[in-house]
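Chains as they are written, first to last, in the numbering used here: chain V, 1 to 404; chain X, 405 to 808.
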């Protein structure tokens, strides 16, 4: 029987529930006496190479539960993308510390790291069980119905657009908000969940899965604005023209030049500003406002889908069960069963690592500037319970006296 | 006894709880038979002048309660600042519709409108009772301990900084977020509520009540970054240099010129970008990120202080009671009693209208880049119950094997 230490780490961008997976794995690992100690690596694989470990076996259950409810990565994260040499250093450190299990929570880059570590360990004859635990607000992992972290970020985006749409009803004009997601439009598409009745925004949704055509964009904004006297727009930071270069990247370069090298604008913020300016100048609409949701959408404290919370916990638990009882390394995947339940499976690391899932054509409206009802059905159960329900006045207009 | 219709309207920027005040006033007004009908004016005073009224007496109690829980102004709002001629049109419309009471929910501009309407009605001998109901996320109304709408916006800012600080711990660097408030720094200062233990961010808070000195700013960021390896900064959109011009305004002009008139950047977004760029280039820090909270902080659906909710309801109720039983026009004011309860009073409209309260010196740290414990004591009860409580790992470091 394999015995020794279990090393766990967190990689990539934090989410609202990534610590649920950490707590799920740690609490489950404590049930198996062959796991002598549970070590957490600080700042992902960087901490493994640097032997920067903390002893998670020493954490109280109450504190682990409190950490589970805390957004962002409690162990710290890293943006390092290990190559083969880096992975060999990971293995050397794991060996030296007496690890027999390696669990890494993260997205497709993280899964790819686990793949290399797994393959190299096998080559060396190092008896290590390596498991990838899924996490990403981008929802872009292959083999998964959806990914822990996405439902909570999607809920944030939905609640943000609910409020922004009510704000825009109150003081009409055009509102553009830029949402995270360079290649996959799921998070931007989640804005559709803000709509309750006909006329609710967002009225237009632009995804990186479709080529962004500014002329088409402006004519669509014009139409909505003429019809409703206002227009709310959700825009992915990854929107790009026919050659595939994101507008934000092109824009960042332009603005850097214009500013004589003094001001280097972050692309996504400049994106909202540019499009607002285009709407003002080309459509002659006066009140145009733009926001870029930025880091709030992945780390806001206090906006969590309870479905996401539960599933993020379960993928951590499942990873440990498989690490003990399973016969292979792999990546934990979420499978949807009916409407709505999930089951978990282990899939080959190569099927997830380094690959990106984008939105299916069936999720995108033929217009290219909205989602389909099928996507809304897909999204709805993920957002969790007690989503705010905006209400509006029903009362009819009173006949005028002076101006009748 | 005065009898007739009651006209109510909402002005200025929406808040998370402004509909609580609407519901509070409408439900209370129904208890008085001398109020024949309750009319809501659509889009503030603009709706009064245009005779764009809806009959709020027809709304169900359940729907009014649902609307109360919905952010933004259910009646719609306006940015119109009426002059004397405009106010005479308001009076003509109120007279024609048979109004005997006029309630207007809003900030200091709204209070000033009510003042002019009240004075003109008196001059004309029109028996109208006019009351201003306070609302503003800026918390800048004179005579008030605090203002409905501020506590919920403050809670949003606190939760946003909690998450941003945890995110920044996970992936260290410098993070700058720009918060609303052109003249009063209360909302930016609310970021301090995100801190639990030593080392928590925001580490630096810049308010419009103090002159912003870029050299001082950079040296303070440098010091924090050297000490902690990271730095989280809260910055008011209203920060300005010695001549009083906000940096965002200066910046907007500069960028417009640099972009050859093609890109007119909104000042506050450009502000975050500029300061991020300054930190990168002058301090040589690599990972620097900036956000501008934008409209989310005043309209996000699902982030409300329960204290704010209750008080916003009560100012609406109180306004109607005073409108019926009181002997004068006025503005409802919130008074704090002990730690923590409130009472309501009616103050003269001229004491609130058109005036701006800023943060007391006792609330601002001598450094000029933080708040005092006194401000934290002032803020704490306003944020309401069940504020998220971030937790962190306690476990100590493991001795290194390879690199010892």
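For each residue, glycine too, the CB sits at the ideal point set by N, CA and C. As the structure is a computational prediction, the values presented were derived from the model and not from experiment.
Separation of residue 498 of chain X and residue 492 of chain X (C-alpha to C-alpha, rounded to the nearest whole angstrom) is 10 Å. Following the DSSP letters along the chain, one finds residue 151 of chain V in no beta strand (DSSP E) but inside the alpha helix (DSSP H) bounded by residues 150 to 170.
For residue 231 of chain V, the enclosing beta strand (DSSP E) starts and ends at 231 to 236. Taking the Cβ atoms as the reference, residue 549 of chain X lies roughly 7 Å from residue 746 of chain X, within the contact range of under 8 Å. Contact with chain V is found for residue 804 of chain X, since one of that chain's Cβ atoms lies less than 8 Å from the residue's Cβ.
In chain order, 736, 748 place their CB closer than 7 Å to the CB of residue 722 of chain X, counting only its own chain and leaving out the 5 sequence neighbours on each side. Contact between the segment 565 to 574 of chain X and the segment 55 to 74 of chain V is established, with three or more Cβ pairs separated by less than 8 Å. By the rule that beta-carbons nearer than 8 Å mark a contact, residue 123 of chain V does not touch chain X. Rounded to whole angstroms, the Cβ separation of residue 189 of chain V and residue 211 of chain V is 16 Å, and the two are not in contact under 8 Å. Nearest Cα to residue 743 of chain X within the set X/451, X/705, X/784: X/784.
Contact between the segment 437 to 456 of chain X and the segment 388 to 403 of chain V is present: 3 or more CB-CB pairs across the two stretches fall below 8 Å. Not a single CB atom of chain V sits nearer than 8 Å to the CB of residue 642 of chain X. Under the Cβ distance rule, residue 476 of chain X counts among the residues neighbouring chain V, one pair being separated by less than 8 Å. Here DSSP, grouped into helix, strand and coil, assigns residue 295 of chain V to coil.
In the DSSP annotation of this structure, residue 530 of chain X is not part of any alpha helix (DSSP H), being labelled neither H nor E. Secondary structure note for residue 780 of chain X: its alpha helix (DSSP H) is the uninterrupted segment 777 to 783. If you draw a straight line from the Cα of residue 468 of chain X to the Cα of residue 621 of chain X, it comes to about 48 Å. CA-to-CA, the gap between residue 505 of chain X and residue 441 of chain X works out to about 11 Å.
Excluding residues up to 5 positions away in sequence, 101, 129, 131 lie with their Cβ nearer than 6 Å to the Cβ of residue 323 of chain V in the same chain. In this structure the segment 556 to 569 of chain X lies against the segment 632 to 649 of chain X, because at least three pairs of beta carbons, one per stretch, are closer than 8 Å. With the criterion set as a beta carbon lying under 9 Å from some beta carbon of chain X, the members of the segment 29 to 53 of chain V are 37, 39, 40, 42, 43, 50, 51, 52, 53, in sequence order.
A residue is called buried once 16 or more other Cβ atoms fall within 10 Å of its Cβ, and residue 328 of chain V, having fewer, is exposed. Among the residues of the segment 480 to 493 of chain X, those with a Cβ less than 8 Å away from any Cβ of chain V are 480, 481, 482, 483, in the order of the chain. Counting along the chain, residue 459 of chain X sits inside the beta strand (DSSP E) bounded by residues 457 to 459. Under the Cβ distance rule, residue 695 of chain X counts among the residues neighbouring chain V, one pair being separated by less than 8 Å. Pairwise C-beta distances place the segment 284 to 294 of chain V in contact with the segment 684 to 698 of chain X, as three or more of them are shorter than 8 Å.
Closest in alpha carbon position to residue 326 of chain V, among V/335, V/111, V/346, is V/346. When secondary structure is reduced to three states using DSSP, residue 716 of chain X falls in the helix class. Proximity of chain V to residue 570 of chain X at the Cβ level (cut-off 9 Å) is accounted for by 14, 70, 71, 72, 73, 74, 299, 301, in chain order. Look at the beta carbons and you see the segment 191 to 198 of chain V not touching the segment 220 to 228 of chain V: under three pairs across the two are nearer than 8 Å. For residue 739 of chain X, no alpha helix (DSSP H) encloses it; the enclosing beta strand (DSSP E) starts and ends at 734 to 741. In the DSSP annotation of this structure, the continuous segment of the alpha helix (DSSP H) that includes residue 93 of chain V starts and ends at 84 to 97. The alpha-carbon of residue 364 of chain V is positioned some 49 Å away from that of residue 623 of chain X.
Look at residue 403 of chain V: its C-beta is under 8 Å from a C-beta on chain X.
In the structure shown, the three-state DSSP call for residue 289 of chain V is strand. Our two residues, residue 105 of chain V and residue 757 of chain X, have alpha carbons roughly 55 Å apart in a direct line.
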